[in-house]
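Just so you know, the sequences run in chain order A and B.
The first sequence maps to residues 1 to 102 in the working numbering.
The second sequence maps to residues 103 to 318 in the working numbering.
Here's the structure we're looking at; comments come further down.
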Amino acid sequence: MNEQHTDAKHMTAGHGYGIYILVWLALLTLTGITVAVAGINLGGLTVAAALIIAAIKSYLVLTIFMHLRIEQTAFKVFVLVALFFIVISFALLFSDFSFMKG
Amino acid sequence: MSLQEHAAPLVSGTQEQAVHPHRDDIASRMGMWLFLFTELLLFGGMFFLYSVYRFENKEAFHNAARELDTLIGTINTAILLTSSLTMALSIAAIQRNKKVLSITLQLINVAFGLVFLINKYFEWSHKISLGLYPKSDILLGMDKGEIVFFGLYYVMTGLHGLHVLIGMVLISVMTNFTIKNIITHENYVKLEAAGLYWHLVDIIWIFLFPLFYLIT
Numbered sequence: 001m002n003e004q005h006t007d008a009k010h011m012t013a014g015h016g017y018g019i020y021i022l023v024w025l026a027l028l029t030l031t032g033i034t035v036a037v038a039g040i041n042l043g044g045l046t047v048a049a050a051l052i053i054a055a056i057k058s059y060l061v062l063t064i065f066m067h068l069r070i071e072q073t074a075f076k077v078f079v080l081v082a083l084f085f086i087v088i089s090f091a092l093l094f095s096d097f098s099f100m101k102g
Numbered sequence: 103m104s105l106q107e108h109a110a111p112l113v114s115g116t117q118e119q120a121v122h123p124h125r126d127d128i129a130s131r132m133g134m135w136l137f138l139f140t141e142l143l144l145f146g147g148m149f150f151l152y153s154v155y156r157f158e159n160k161e162a163f164h165n166a167a168r169e170l171d172t173l174i175g176t177i178n179t180a181i182l183l184t185s186s187l188t189m190a191l192s193i194a195a196i197q198r199n200k201k202v203l204s205i206t207l208q209l210i211n212v213a214f215g216l217v218f219l220i221n222k223y224f225e226w227s228h229k230i231s232l233g234l235y236p237k238s239d240i241l242l243g244m245d246k247g248e249i250v251f252f253g254l255y256y257v258m259t260g261l262h263g264l265h266v267l268i269g270m271v272l273i274s275v276m277t278n279f280t281i282k283n284i285i286t287h288e289n290y291v292k293l294e295a296a297g298l299y300w301h302l303v304d305i306i307w308i309f310l311f312p313l314f315y316l317i318t
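Next comes the structure, spelled out in structure tokens:
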């Protein structure tokens with residue numbers, strides 16, 4: 001019984017270090033892009049671009065560094081539900097106060 | 103679960119199965135993920151605050167953000183991203199039974215956290231020396247949007263910094279466990295849990311950085 005809960009991850013572990021280094025390089029590159037884009041004043045687009053790049057970086061950290069990619073499906077569902085909740089909360093929040101005066 | 107698991111290796115390195123402890127790594131990881139979701143609520147609430155106040159004080163936020171040092175912020179971002187790398191690598195190392203490599207990577211990870219906090223110390227000292235701290239006369243004399251910006255800045259980066267410190271302590275404990283063979287290539291879920299916490303701290307900073315340092 002104990003074996004089942006440890007084997008799956010253990011077996012996929014072996015091929016390892018390279019993918020982490022690749023993701024790290026991608027993360028640094030994306031950071032560089034964010035800083036570069038921030039210097040260009042596109043108004044609301046600059047913020048949107050920064051947040052989108054931040055989302056991509058988070059996706060890489062979640063799936064590769066935090067092993068979501070090789071976890072059971074239940075984990076992925078949990079994370080998606082949590083993120084969905086945050087997004088909905090933001091949407092409702094903005095739909096409320098953006099119509100208020102001042 | 104934990105007492106049995108810890109006691110057995112101290113008695114005899116490979117006889118932990120004699121006591122047949124119940125062990126469920128998937129549940130352990132799930133437990134940490136659930137905790138991470140509460141952290142999402144904690145910081146998420148503050149990001150909500152940030153978004154509302156920024157929406158209502160765009161100009162003031164833009165002005166206030168110019169006081170922040172983008173270079174230090176970028177360096178700190180690179181430091182945290184690299185520490186996430188060493189964290190992930192330390193787990194990969196212990197999976198391949200490379201104990202010394204894993205310990206080294208964990209120690210480097212803690213060191214990165216320390217450098218991050220030292221940078222933060224310099225940043226904050228600089229601002230405080232300029233009179234930009236909560237309730238200072240200089241700050242109170244500024245636009246209300248700017249006051250809010252700095253309030254959010256100190257609280258959010260401060261709480262984040264506290265999490266970095268907690269993460270450093272957590273990983274140091276794991277390093278101790280790894281040295282003592284409590285964490286091994288066959289039982290490393292504790293290290294994974296610490297890793298999950300550290301990566302979340304990194305993700306929070308990934309969002310903090312552009313929202314505070316890059317809105318000029």
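Note that the Cβ used here is the ideal one computed from N, Cα and C, for glycine as well.
Just so you know, these numbers come straight off a predicted model, no measurement behind them.
Counting C-beta pairs with one atom in each stretch, the stretch 188 to 204 of chain B and the stretch 232 to 250 of chain B have fewer than three that are closer than 8 angstroms, which means they do not touch. Counting only runs of 4+ residues, the alpha helix (DSSP H) found wholly inside the stretch 175 to 258 of chain B occupies 201 to 231, 239 to 242, in chain order. Counting along the chain, the unbroken alpha helix (DSSP H) around B/Pro312 starts and ends at 291 to 315. If you draw a 10 Å sphere on the C-beta of B/His301, you find 16 or more other C-beta atoms in it, and that means buried. If you look at A/Ser58, you'll find it in the alpha helix (DSSP H) that goes 44 to 60.
Apart from sequence neighbours up to five positions away, the residues of its chain that approach A/Ile56 with a beta-carbon distance below 8 angstroms are Leu30, ordered along the chain. Below 8 angstroms, too few C-beta pairs join the stretch 304 to 315 of chain B and the stretch 221 to 238 of chain B to call them touching: fewer than three. The C-alpha of B/Ala295 lies about 19 angstroms from the C-alpha of B/Leu143. Per DSSP, the continuous alpha helix (DSSP H) segment holding A/Ser89 begins and ends at 73 to 97. At a cut-off of 8 angstroms between C-beta atoms, B/Phe252 does not count as an interface residue with respect to chain A. When C-beta distances to chain A are compared with 7 angstroms, every residue of the stretch 229 to 250 of chain B stays at or above that value.
With respect to chain B, the C-beta atom of A/Ala91 has no partner C-beta closer than 8 angstroms. If you look at B/Asp127, you'll find it in the alpha helix (DSSP H) that goes 127 to 158. As DSSP reads the structure, B/Thr286 sits in a beta bridge with B/Asn289.
In chain order, Pro236 place their CB closer than 8 angstroms to the CB of B/Gly253, counting only its own chain and leaving out the 5 sequence neighbours on each side. Under the 8 angstroms Cβ criterion, the stretch 157 to 171 of chain B does not count as touching the stretch 272 to 291 of chain B, having fewer than three qualifying pairs. Put simply, the stretch 209 to 228 of chain B touches the stretch 165 to 185 of chain B. At least three CB pairs are less than 8 angstroms apart. Neighbours of B/Gly146 in chain A, taken as residues whose beta carbon is under 8 angstroms from its own, are Ile86, Ser89 in chain order. Using a CB distance cut-off of 8 angstroms, B/His164 does not count as an interface residue toward chain A. Between the C-alpha atoms of B/Ala180 and B/Phe311 there is a straight-line separation of about 11 angstroms.
Within the stretch 22 to 43 of chain A, the residues whose Cβ lies closer than 7 angstroms to some Cβ of chain B are Trp24, Leu27, Leu28, Thr31, Thr34, Val35, Ala38, listed in chain order. For B/Thr318, there is no enclosing alpha helix (DSSP H), as DSSP marks it with neither H nor E. If you draw a straight line from the Cα of B/Lys222 to the Cα of A/Ala49, it is about 26 angstroms long. Contact of A/Val77 with chain B is not assigned, every C-beta pair being separated by 8 angstroms or more.
Within its own chain, the residues whose Cβ lies closer than 8 angstroms to the Cβ of A/Val79, once the five positions on either side in sequence are excluded, are Leu62, Leu68, listed in chain order. With fewer than 16 other Cβ atoms inside 10 Å of its own Cβ, B/Arg168 counts as exposed. Contacts with chain A at 8 angstroms (Cβ-Cβ) do not include B/Leu209.
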